[in-house]
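The sequence shown begins at 255 in the numbering used here and counts up by one.
Every residue gets a Cβ at the ideal spot worked out from N, C-alpha and C, and that includes glycine.
Quick caveat: nothing in here was measured; it's all calculated off a predicted structure.
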Amino acid sequence: MAQYIGYFIVAIIIGYFCGCIQSGFFVGKLSGIDIRQYGSGNAGTTNVLRTLGAGKALITFLGDALKGFIPVLLVKFWIAPSLGMDQGTSQLLQLILGFGVVLGHDYPFFLKFKGGKGIATSGAVMMAFDWRIGLCCLLIFAVIVGITRYVSLGSCILSAGIVIEMIIFHPGQWDLVVMAILYAWFAIYRHRANIKRLISGTESKLGQKVEVKK
């Protein structure tokens, strides 16, 4: 494992720059606005949905998902095998790279570190890493949001569930569990303002629109 430390460092750096590709920001600019000046103030799918509608939100979601999904698949099926990594090391490298993507998405350097909240990206990373965990993420999110209409609540529960799913599907691989905890903690931390609004009853529900003034 120690001989791969350099690869882990390179992976998180490459992942970060992949994550800096801000789909929501570019979609907003093409629509004549800075999406971060509307709604919740972040560049994620939910804010694009509320501000610019479903079509542009779908483009944002696909962009944010693919930038996590594709790099992890490349590590899984090409880079790790070419380096002769065993399965456990490959899995750790995948999650480290993916976490770098989430960091870049949430804190893009070229936008003064003001990006999204990383849920679509995290879910896509998990789908590429282990489709069972990715499917659980999708189902949890769909059920919670379908019942409550709170995207933020679905995002937080989805994120916490990653830890449990990692323990279930990868028992004894505590390095992967630690990575899952990092993903979960980071996502919940990014939703701290939403959590306060959920508690106070002021959080916006799915379907509420934001007025756009150009």
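Cβ neighbour criterion (16 or more within 10 Å) applied to residue i
i           : result
residue 318 : buried
residue 453 : exposed
residue 437 : buried
residue 441 : buried
residue 443 : exposed
residue 300 : buried
residue 344 : buried
residue 286 : exposed
residue 364 : exposed
residue 279 : buried
residue 351 : buried
residue 456 : exposed
residue 303 : buried
residue 395 : buried
residue 366 : exposed
residue 309 : exposed
residue 331 : exposed
residue 447 : exposed
residue 263 : exposed
CB contact flag (residue i, residue j, <8 Å)
i           : j           : result
residue 349 : residue 383 : yes
residue 337 : residue 261 : yes
residue 270 : residue 377 : no
residue 316 : residue 403 : no
residue 417 : residue 379 : no
residue 431 : residue 422 : no
residue 297 : residue 369 : yes
residue 362 : residue 272 : no
residue 259 : residue 354 : no
residue 409 : residue 435 : no
Contact with chain C by residue i, beta-carbon distance below 8 Å
i           : result
residue 417 : The structure shown contains no chain C, having only a single protein chain.
Reference residue i, options the options, closest by Cα
i           : options               : result
residue 412 : 283, 386, 391 and 259 : 391
residue 277 : 312, 424, 354 and 388 : 312
residue 307 : 282, 386 and 267      : 282
residue 339 : 257, 449 and 450      : 257
Whole-number beta carbon distance between residue j and residue i, since they are thought to touch under 8 Å
i           : j           : result
residue 375 : residue 397 : Their Cβ separation, rounded to whole angstroms, is 21 Å, which puts residue 375 and residue 397 out of contact at 8 Å.
Inset, instruction - Go through the region 261-303 residue by residue and report every complete run of the alpha helix (DSSP H) that reaches 4 residues or more, in order. - result: 277-284
Legend entry - Ordered list of alpha helix (DSSP H) runs contained in the region 380-462, each at least 4 residues: 385-402, 405-423, 428-444 and 446-454
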